[in-house]
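Straight run, no breaks: the sequence shown in UniProt numbering ends on number 256.
Don't be surprised by glycine CBs; every beta carbon is placed ideally from N, CA and C.
Only a predicted model underlies this, so the values are computations on that prediction, with no experimental measurement involved.
Right, one structure below, let's go through it.
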Amino acid sequence: MISVLILPIALAAVYSTQTTNAVYQITNVFPGSALVENYTTVLFEYNFGQYMWNSFVMATVVIVGKLVFSLLAATALVYYDFRFQSLIFYAILFTLLMPLPVRIVPLYQLMADIGWLNSFAGLTSPFIASATAVFLFRQQFRSIPASVVETAKLDGIGPIQFLANVLIPMSKGMIAGVTAIMFISTWNAYLWPLVAIIDRTNQVAQVGLRYIQGTGAEGFVQWNLVMAAGILVLIPPLIVLLVARRYLLSTLGGGE
Numbered sequence: 001m002i003s004v005l006i007l008p009i010a011l012a013a014v015y016s017t018q019t020t021n022a023v024y025q026i027t028n029v030f031p032g033s034a035l036v037e038n039y040t041t042v043l044f045e046y047n048f049g050q051y052m053w054n055s056f057v058m059a060t061v062v063i064v065g066k067l068v069f070s071l072l073a074a075t076a077l078v079y080y081d082f083r084f085q086s087l088i089f090y091a092i093l094f095t096l097l098m099p100l101p102v103r104i105v106p107l108y109q110l111m112a113d114i115g116w117l118n119s120f121a122g123l124t125s126p127f128i129a130s131a132t133a134v135f136l137f138r139q140q141f142r143s144i145p146a147s148v149v150e151t152a153k154l155d156g157i158g159p160i161q162f163l164a165n166v167l168i169p170m171s172k173g174m175i176a177g178v179t180a181i182m183f184i185s186t187w188n189a190y191l192w193p194l195v196a197i198i199d200r201t202n203q204v205a206q207v208g209l210r211y212i213q214g215t216g217a218e219g220f221v222q223w224n225l226v227m228a229a230g231i232l233v234l235i236p237p238l239i240v241l242l243v244a245r246r247y248l249l250s251t252l253g254g255g256e
């Protein structure tokens with residue numbers, strides 16, 4: 001099973017070192033001599049380094065925004081007792097049933113109406129809210145005994161202080177796991193950046209891959225450059241997975 005998963009990546013790494021003509025020789029599965037040339041061309045001639053930087057900045061802003069709003073929302077659902085609390089929670093979960101392709105037309109119209117198309121604000125704002133993160137944090141926070149919450153209220157500890165001093169310290173693993181999930185999800189975003197961003201210099205890495213695929217002559221794709229860009233775009237999420245692997249498994253397992 002592992003070999004099946006690794007084989008495409010290994011082939012991509014090999015093809016990224018070959019010349020364009022060598023890639024089209026199906027039996028040629030050995031590393032070539034164009035490694036430096038291919039990666040230099042992708043990063044500088046095709047501006048892929050800028051695309052990766054745009055993706056990194058986008059992912060960072062989205063992660064910070066998602067963490068702030070999701071932690072605050074989950075805290076409100078745990079700290080306060082108010083009418084229709086469960087209804088609001090299920091309404092948040094209901095948004096998970098509406099994937100981006102369903103929401104993309106109204107989102108596009110909204111961004112156009114407020115003048116945010118082809119801007120960083122328009123690129124990141126649709127990703128800020130996260131029903132998944134709210135759900136995971138809310139379930140994590142609910143593991144705290146109700147007596148602890150009531151004691152905090154009696155001692156005059158407000159929700160923000162309770163979040164900072166109690167909830168966050170006990171949820172570091174969950175926060176790390178959710179952060180890893182959100183980074184990978186945002187880094188891999190393709191459809192919305194493709195629609196929302198017109199200026200190529202502001203585009204993200206996933207769309208940049210498509211640009212490189214279309215740079216060859218008609219009907220001729222420079223797969224060596226596409227594979228080089230694919231290997232580059234794979235590195236950041238791979239690093240995140242390796243660093244946060246333990247927390248990610250814990251998050252998916254539903255505990256610390």
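Please work out which residues of its chain come closer than 7 Å, Cβ to Cβ, to residue i, disregarding the five sequence neighbours upstream and downstream, and give them in chain order.
i: residue 129; result: 69
i: residue 190; result: 206 and 207
i: residue 197; result: 118, 123 and 203
i: residue 142; result: 78
i: residue 213; result: 221 and 226
i: residue 58; result: 123, 124, 186 and 204
What is the DSSP secondary structure of residue i, counted as helix, strand or coil?
i: residue 137; result: helix
i: residue 117; result: coil
i: residue 211; result: helix
i: residue 122; result: helix
i: residue 50; result: helix
i: residue 101; result: helix
i: residue 84; result: coil
i: residue 204; result: coil
i: residue 145; result: coil
i: residue 24; result: coil
i: residue 221; result: coil
i: residue 16; result: coil
i: residue 256; result: Any answer about residue 256 is weak, because its pLDDT of 48 lies below 50 and its placement is not dependable; what the coordinates show is given next. Note: residue 256 maps to coil in three-state DSSP.
i: residue 33; result: coil
i: residue 55; result: helix
i: residue 257; result: With the chain covering 1 to 256 only, the question about residue 257 has no answer from this structure.
i: residue 38; result: helix
i: residue 175; result: helix
i: residue 90; result: helix
i: residue 74; result: helix
i: residue 181; result: helix
i: residue 156; result: coil
i: residue 228; result: helix
For residue i, is the classification buried or exposed, using 16 other Cβ atoms within 10 angstroms of its Cβ as the cut-off for buried?
i: residue 226; result: buried
i: residue 111; result: buried
i: residue 158; result: exposed
i: residue 27; result: exposed
i: residue 96; result: exposed
i: residue 86; result: exposed
i: residue 98; result: exposed
i: residue 292; result: Past the edges of the chain, shown from 1 to 256, lies residue 292, and the structure says nothing about it.
i: residue 15; result: buried
i: residue 55; result: buried
i: residue 92; result: buried
i: residue 11; result: exposed
i: residue 41; result: buried
i: residue 146; result: exposed
Please work out which residues of its chain come closer than 6 Å, Cβ to Cβ, to residue i, disregarding the five sequence neighbours upstream and downstream, and give them in chain order.
i: residue 6; result: none
i: residue 76; result: none
i: residue 132; result: none
i: residue 176; result: 244 and 247
i: residue 62; result: 124, 127 and 186
i: residue 13; result: 231
Give every residue of the same chain whose Cβ lies closer than 8 Å to the Cβ of residue i, excluding the five residues on either side of it in the sequence, and list them in chain order.
i: residue 144; result: 78, 166, 167 and 170
i: residue 201; result: 47 and 50
i: residue 148; result: 166
i: residue 108; result: 117, 195 and 196
i: residue 162; result: 75, 79, 149 and 152
i: residue 242; result: none
i: residue 215; result: 46, 222 and 225
Using 8 Å as the limit for Cβ to Cβ distance, is residue i near chain C?
i: residue 49; result: The structure shown contains no chain C; it holds only a single protein chain.
**Message:** Whether or not the stretch 175–195 and the stretch 225–243 are in contact is what I'm after, with contact meaning three or more pairs of Cβ atoms, one per stretch, closer than 8 Å; do they touch?
**Reply:** yes
**Asked** Within the chosen definition, does the stretch 127–142 reach the stretch 163–176 through at least 3 CB pairs nearer than 8 Å?
**Response** In short, these stretches touch, since the Cβ pair count reaches three.
**Prompt:** Okay, do the stretch 7–19 and the stretch 33–43 touch, 3+ Cβ pairs below 8 Å being the bar?
**Reply:** The stretch 7–19, when compared against the stretch 33–43, does touch it at the 8 Å Cβ threshold.
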